[in-house]
Each structure stands twice: as C-alpha cells, then as structure tokens.
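17 is the number of the first residue of the sequence shown in the working numbering; add one for each residue after it. For every residue, glycine included, the Cβ atom is placed at its ideal position computed from N, Cα and C.
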Amino acid sequence: MTDTALSTPDMEWHNDGHTVTLRLNKSELEVVTVSCPSDNGGPCASDGRSNTSPDGLGCIVQYFIRRFGMECNIGVCPPEETMAICWAIVGDKREPEAAQLWFVPVNDEVFYSWMTQSSDDDQSS
Numbered sequence: 017m018t019d020t021a022l023s024t025p026d027m028e029w030h031n032d033g034h035t036v037t038l039r040l041n042k043s044e045l046e047v048v049t050v051s052c053p054s055d056n057g058g059p060c061a062s063d064g065r066s067n068t069s070p071d072g073l074g075c076i077v078q079y080f081i082r083r084f085g086m087e088c089n090i091g092v093c094p095p096e097e098t099m100a101i102c103w104a105i106v107g108d109k110r111e112p113e114a115a116q117l118w119f120v121p122v123n124d125e126v127f128y129s130w131m132t133q134s135s136d137d138d139q140s141s
C-alpha cells in the first residue's frame, strides 16, 4: 500500500497500511499486535533504525502503541479484531520521549469523511 499523507497546519496524517489487532478482555480492549507494512522504511521508520537495533525502536507507530496502547487512539468506531489506522506524530520521531503519536481508525466516520474530502481537495489542486 502506498502512503497517503494528509496535512493539517500542525501535523501530517499517514494512511499507509498500519493495522492494530485487538482482543476483548472482559470490558477492556487489549492490543495484541501492531503490523507495520513498510518493513522499517517510510515515514514510520525512526531514523533508519530497525526492530533489531539495540534500542529496539524501529517503527515509531509500533513503539508508541506497544508502550501506550489505546491511549494513543483519538478516534471512535465499533471494535474490530483487526483495525486499519491512520497516524500522525507531533515532535521529532528520533526523540520519542519528547514526541507524541496519535492514531485514528480508518473507519472512524468523522475522520474518514475528513480524510476523503482532504484527499479529493489535494487531487483537484
């Protein structure tokens, strides 16, 4: 999948094929896995590091969601076992302790509407 990047004045949203696999544990949603489609390349690569680097950082999306879980989610949608997401980072991804990553499920109705409208506007420009 190719990366679709949509910009706002403050951040750039990426729709590049990242997915989150979830499990329902009583009343809590737990993150089981975070799949990165770019194999440690593209906009999610943290300074070229891979998951096998000594610091283990690799994909910044995987790093944040594994560390903070659903706290990074700012969207609303019915829970699914596997959820495609868009993501954005505020700050320098090479310094994750000083940055913040947010993700939104692709099927969040409000976000999807904005994303498709923004994409249409970009193509018509």
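Taking 6 angstroms as the cut-off, is the CB of Asp32 close to at least one heavy atom of the ligand PLP?
-> The ligand content of the structure shown is nil, which means the ligand PLP is not present either.
Between the CA atoms of His34 and Cys52 - distance to the nearest angstrom | 5 angstroms
Give me the Cβ distance between Met27 and Ala100, rounded to the nearest whole Å; I'm assuming they're in contact under 8 angstroms.
-> Not really, about 19 angstroms apart at Cβ, beyond 8 angstroms.
Can you name the start and end residues of the alpha helix (DSSP H) that Ile81 belongs to?
-> Ile76 to Phe84
Taking 7 angstroms as the cut-off, decide whether the C-beta atoms of Val120 and Ile90 are in contact.
-> yes
Burial state of Met17, where buried means 16 or more other Cβ atoms lie within 10 Å | At Met17, the pLDDT of 46 sits below 50, so the modelled position is not reliable; the number obtained from the coordinates is stated separately. Exposed: under 16 other Cβ atoms inside 10 Å.
Going by CA-CA distance only, name the one from Ser54, Met131, Val48 and Ile76 that's closest to Glu113.
-> Ile76
What is the DSSP secondary structure of Ser4, counted as helix, strand or coil?
-> The displayed coordinates of the chain run from 17 to 141. Any statement about residue 4 would go beyond what the structure contains.
Comparing alpha-carbon positions, which option in Cys102, Trp118 and Asp108 lies nearest Tyr128?
-> Cys102
Determine the DSSP secondary structure at Asn27, reduced to helix, strand or coil.
-> A small fix is needed here, since residue 27 is Met in this sequence, not Asn. It is coil, neither helix nor strand.
Leaving aside the five residues before and after Thr49 along the sequence, list all residues of the same chain whose C-beta is less than 7 angstroms from its C-beta, in chain order.
-> Thr37
Compare the C-alpha of Pro94 against each of Asp124, Gly74 and Arg39 and name the closest.
-> Asp124
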